[in-house]
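Here is the structure we will look at, set down as structure tokens.
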Amino acid sequence: MDSSFARRVIRWQRQAGRHDLPWQGTHDPYRVWLSEIMLQQTQVATVVDYFLRFLARFPEVRALAAASPEEVLALWAGLGYYARARHLHACARRVVGEYGGQFPSSAAALAELPGIGRSTAAAIAAFAYGERAAILDGNVKRVLCRHFAIEGAPVGAVEKSLWTLAESLLPPLSSAPQITHEEMANYTQGLMDLGATLCLSRTPHCESCPLATSCLARQQGRQESLPAKAPRKAKPCRRAEFLLITDGKEILLQRRPSSGVWGGLLTFPEGREALRLLGQEGHELQPLPPREHVFTHFRLEIHPVVCKVEKMPDMANQPNLECLPLKTALKAGVPAPVARLLEELRNFVSRIPP
Ligand code: SF4
Numbered sequence: 030m031d032s033s034f035a036r037r038v039i040r041w042q043r044q045a046g047r048h049d050l051p052w053q054g055t056h057d058p059y060r061v062w063l064s065e066i067m068l069q070q071t072q073v074a075t076v077v078d079y080f081l082r083f084l085a086r087f088p089e090v091r092a093l094a095a096a097s098p099e100e101v102l103a104l105w106a107g108l109g110y111y112a113r114a115r116h117l118h119a120c121a122r123r124v125v126g127e128y129g130g131q132f133p134s135s136a137a138a139l140a141e142l143p144g145i146g147r148s149t150a151a152a153i154a155a156f157a158y159g160e161r162a163a164i165l166d167g168n169v170k171r172v173l174c175r176h177f178a179i180e181g182a183p184v185g186a187v188e189k190s191l192w193t194l195a196e197s198l199l200p201p202l203s204s205a206p207q208i209t210h211e212e213m214a215n216y217t218q219g220l221m222d223l224g225a226t227l228c229l230s231r232t233p234h235c236e237s238c239p240l241a242t243s244c245l246a247r248q249q250g251r252q253e254s255l256p257a258k259a260p261r262k263a264k265p266c267r268r269a270e271f272l273l274i275t276d277g278k279e280i281l282l283q284r285r286p287s288s289g290v291w292g293g294l295l296t297f298p299e300g301r302e303a304l305r306l307l308g309q310e311g312h313e314l315q316p317l318p319p320r321e322h323v324f325t326h327f328r329l330e331i332h333p334v335v336c337k338v339e340k341m342p343d344m345a346n347q348p349n350l351e352c353l354p355l356k357t358a359l360k361a362g363v364p365a366p367v368a369r370l371l372e373e374l375r376n377f378v379s380r381i382p383p
């Protein structure tokens, strides 16, 4: 029996890997692509509902391309890393505009599309077309660094050498045993499953691992220390005052610019200056407990204040501002910290005297 790295991963994936996720059992590149984008930096359990909701609303790429950016963002709201949603939409439009609605069928061409990096392109090509292409996401880096006892954090030159290693480990193409489309999909899924279910960051389940007999980290008892962690820089802290302007029935929200943090989403106006611009000075401001939201590159210290008004401001000349019913604003495409504040606010305003 062939006991190469790849063959062991394939056998294990068939017997013990994940087979019932809603995006599995298909070669449809649209579904494969949608799931792979959602799974970037997000766990399977979180993605499942979003994937099904997107698919119900946009059953194929043309429907997604035809949607407005606001609708795409509203459906994505809560999944985080919102640049992914903007790239997803831009990618759908490119696929329709440049490829007649058919995703390109090679990893190299896929990697040219918005939001599709090298590893994601390889995963889509492997699942949808059986292409023999190497993936290297965070989970796979961990498996390789441990199995081969690779020193150094998996960035820069180490990451480059991991790509070379990942390519050398691919099941052979032209010599026996020849790789098939299904096997390539099993291998790609197997690497992902190993990292997500056995080779965990903490307490890996080496006793069940198909790679245990050749794993150097296991032999050397170094599972905990591999891969090495890149030195972490302290994240800078920013401060923002969120103005929750409400008459008890509606809430004032502001659409952010299409790029940058929470790009295109609805959030609260910020800072006292906004009150002056909206002609809402002189109201009593009631603070809610401060909270923190952590982004990739900084921490945001949020200071919410409630401004209860008798009449909502006139929005006629304010294209970025919207007055929405408190009950439904949650569904309008707001980031998670804003959604939590809207929930709190609904309870809070009912206790404020008119
Ligand atoms: S034997 Fe343990 S450390 Fe090595 S690859 Fe398997 S789960 Fe990871």
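So for the sequence shown, my numbering puts the first residue at 30; every next one is plus one. Built from N, CA and C at the ideal position, the CB exists for glycine as well.
Shown here, residue 176 sits in a helix according to DSSP, grouped into three states. For residue 81, the uninterrupted alpha helix (DSSP H) run begins and ends at 73-86, by DSSP. Closest by C-alpha distance to residue 125, out of 134, 94, 142, 79, is 94. Remark: the C-beta of residue 86 is outside contact range of ligand 1, defined as less than 7 Å to any heavy atom.
Burial state of residue 275 is buried, judged by a 10 Å Cβ sphere holding 16 or more other Cβ atoms.
Put simply, of 273, 113, 284 the residue whose alpha carbon is nearest the alpha carbon of residue 314 is 273. Comparing alpha-carbon positions, the option among 57, 107, 85 lying closest to residue 366 turns out to be 107. Checking the DSSP bridge columns, you'll see residue 350 partnered with 283.
DSSP lists 269, 320 as the beta-bridge partner residues of residue 331.
Counting only runs of 4 or more residues that sit fully inside the segment 112-176, the alpha helix (DSSP H) segments are 112-128, 136-139, 147-158, 167-176, in chain order. The nearest non-hydrogen atom of ligand 1 is 7 Å or more from the C-beta of residue 45. Burial state of residue 323 is exposed, judged by a 10 Å Cβ sphere holding fewer than 16 other Cβ atoms. Using a Cβ-Cβ distance cut-off of 8 Å, the segment 139-151 and the segment 110-129 are in contact, since at least three pairs of beta carbons, one from each stretch, lie closer than that value. Between residue 123 and residue 293, the C-beta spacing is not below 8 Å.
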